[in-house]
Amino acid sequence: MPPRKSHKVEIVNYTRTEDSVENTLANIRTGKNVEAKRVKQSELFQNAANWNFVKGDLAFQKLYRDYERNSLPMSNYYEHAVAQTKFRSKFYFDGGGSIDKKLLTSDSRNAFEVFDYKRNNYDTFKVSTASELYYPHTGKVTFPHGSQGIVTFRQKYKIIWRTRSYPKFQYTDRPLLLVNNQSLVITSNSQHEIIYLLALLNSPLTRLILERNLRQESEKDFLVPIKAVKQYVRVPVVTGQNRHIKKEVIDRTEEMLSLEERTLSDYVDFSGILVQKFEDVQVEGNNLVLVYDGQKLELPIKERTRLVASSIAEQLGAQRSALEKRYVSLHELRNLPIIDYEKQRKIKAYIDDLVFALYFGVPLPKLGLKNAAAVRKACLEHRHYEYTLKG
């Protein structure tokens with residue numbers, strides 16, 4: 341007869357992997373060097389595709405149950421009929437395709453930009469490294485069986501991540517085309533929902549869920565395929581009571597992304613500069629000092645002098661001893677990213693707290709970055725919050 345829903349099975353973990361089989365079995369019989377727990381058989385049935393969750397401690401199992409209870413499946417996005425009704429847009433979860441390399445060109449007109457996964461900076465939240473290769477819209481792209489095809493890359497907004505040991509899920513609105521499956525993508529023409537998904541996917545809670553379900557004990561890295569995102573990542577239930585929190589997540593994520601759009605040309609006026617290459621670049625006082633042919637050109641820094649100085653030191657400092665051999669071009673200087681990482685970290689921490697509150701129904705005081713401490717305090721009162729941060 342079928343077991344009752346309350347029926348539990350015992351799971352025994354032997355903690356000394358270096359012991360022989362004989363000693364292991366003998367010690368298990370006597371209860372030595374073992375950790376035992378009881379799990380409902382119904383939970384094993386529900387998670388039959390992956391029993392990694394049984395390796396988690398009791399705190400994680402409680403968190404995971406609450407996470408599932410308070411959320412909806414990712415199918416709300418990847419099932420087109422559902423997404424079209426709820427968000428008035430379709431969402432495509434896919435990988436790259438194979439191209440005819442003979443058709444690659446440097447002409448960006450009527451073409452996709454080929455995603456340069458080798459040169460891409462994976463420490464930022466936006467795909468920042470521009471490719472120099474393009475592929476015509478009319479060029480043939482061959483996708484593997486089960487793929488949704490080229491329509492995926494005709495969507496405006498995209499989330500891209502590396503399949504193996506992803507550091508971040510990244511955002512872009514550029515017409516990127518992924519070649520092969522080193523990276524994966526979620527695309528849509530709904531900018532707000534893509535940005536919302538970006539915030540959910542980059543939260544500590546989602547990383548914890550993915551890692552506990554996907555990482556094997558013997559592996560340093562773990563793979564994050566599309567199937568895993570669809571299966572394990574869920575989305576908060578949004579109602580009239582918490583819809584304002586979702587909007588705040590989207591607004592603050594947009595603000596966080598905008599910090600990566602500023603370049604040195606936003607802080608320094610390069611107009612009228614005719615010299616195209618410089619031997620050295622440094623900050624003296626409130627001026628940007630450019631050195632060429634033994635001469636110095638001083639340009640006023642409009643604001644955030646310390647931020648400009650630290651960014652130049654970080655990005656060009658390692659090259660300073662070799663600048664005689666490697667000149668810095670004016671184009672490179674104009675487009676040098678100037679990112680306020682300290683502000684970005686504060687915004688990201690605030691976003692993560694908002695996401696946690698959405699998943700677990702934490703009532704929040706007034707929203708806004710100026711109220712981030714109060715939001716954090718409210719989350720700290722929830723039983724799962726500190727465990728989520730520890731990972």
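Throughout, our numbering is defined as the position within the sequence shown, counted from one, plus 340.
Yeah, the Cβ is synthetic: ideal placement off N, Cα and C, and Gly gets one too.
A quick note: this is a predicted structure, and the numbers were derived from the prediction, not measured.
Check	Outcome
Buried or exposed, going by whether 16 or more other CB atoms sit within 10 Å of the CB of His724?	buried
Around the C-beta of Val352, are 16 or more other C-beta atoms found within 10 angstroms, so that it is buried, or is it exposed?	exposed
Who pairs with Ala451 in a beta bridge, going by DSSP?	Pro476
For the putative contact between Ser543 and Val695, defined by C-beta atoms under 8 Å, what is the C-beta separation to the nearest angstrom?	4 Å
For the beta strand (DSSP E) that contains Glu726, what are its first and last residues?	No beta strand (DSSP E) contains Glu726, which is instead part of the alpha helix (DSSP H) from 725 to 730.
On the three-pair Cβ rule with 8 Å, is the stretch 465 to 474 touching the stretch 583 to 603?	yes
Using only alpha-carbon positions, find the residue among Lys706, Ala713, Phe700 that is nearest to Lys402.	Phe700
Roughly how many angstroms separate the alpha carbons of Asn675 and Lys430, rounded to a whole number?	34 Å
Alpha carbons only, please: which of Glu624, Val525, Ala376, Lys710 is nearest the one belonging to Val349?	Ala376
Report the partner residues of Tyr497 according to the DSSP bridge assignment.	Ser528
Can you give me the C-alpha to C-alpha distance between Asn450 and Lys496, rounded to a whole angstrom?	14 Å
Look up Phe618 in the DSSP assignment and give the residues it is bridged to.	Val668
Can you grab the Cα-Cα spacing for the pair His347 / Ser487, in whole Å?	41 Å
Just the C-alpha distance for Glu638 and Asp606, rounded to the nearest angstrom, thanks.	16 Å
What would DSSP say about Asp434, mapped onto helix, strand or coil?	strand
Would you list the one or two residues that DSSP bridges to Ile641?	Val608
Flag this pair as yes or no: are the beta carbons of Ser471 and Glu453 separated by less than 9 Å?	yes
Specify whether the stretch 566 to 581 and the stretch 527 to 535 touch according to this definition: at least 3 beta carbon pairs, one from each stretch, less than 8 Å apart.	no
Between the C-alpha atoms of Arg344 and Phe455, what's the straight-line distance to the nearest angstrom?	52 Å
Would Ile549 pass as a contact of Tyr404 if the rule is Cβ separation under 9 Å?	yes
With Ile687 and Glu595 assumed to form a contact (beta carbons below 8 Å), what rounded beta-carbon distance in angstroms separates them?	6 Å
Quick one: residues in its chain with C-beta nearer than 8 Å to the C-beta of Leu412, no 5 flanking neighbours on either side, listed in chain order?	Arg574, Val575, Pro576, Val577
May I ask you to report which of helix, strand or coil DSSP gives Ala376?	strand
Excluding sequence positions up to five away, which residues of its chain have a Cβ less than 7 Å from the Cβ of Glu588?	Leu694, Leu707
In the DSSP assignment, the alpha helix (DSSP H) including Arg428 goes from what residue to what residue?	Premise fails: Arg428 is in no alpha helix (DSSP H) and is neither H nor E.
Considering only heavy atoms of the ligand FAD, does any lie closer than 8 Å to the CB of Ala714?	In the structure shown, the ligand FAD is absent, as is every other ligand, since no ligand is present at all.
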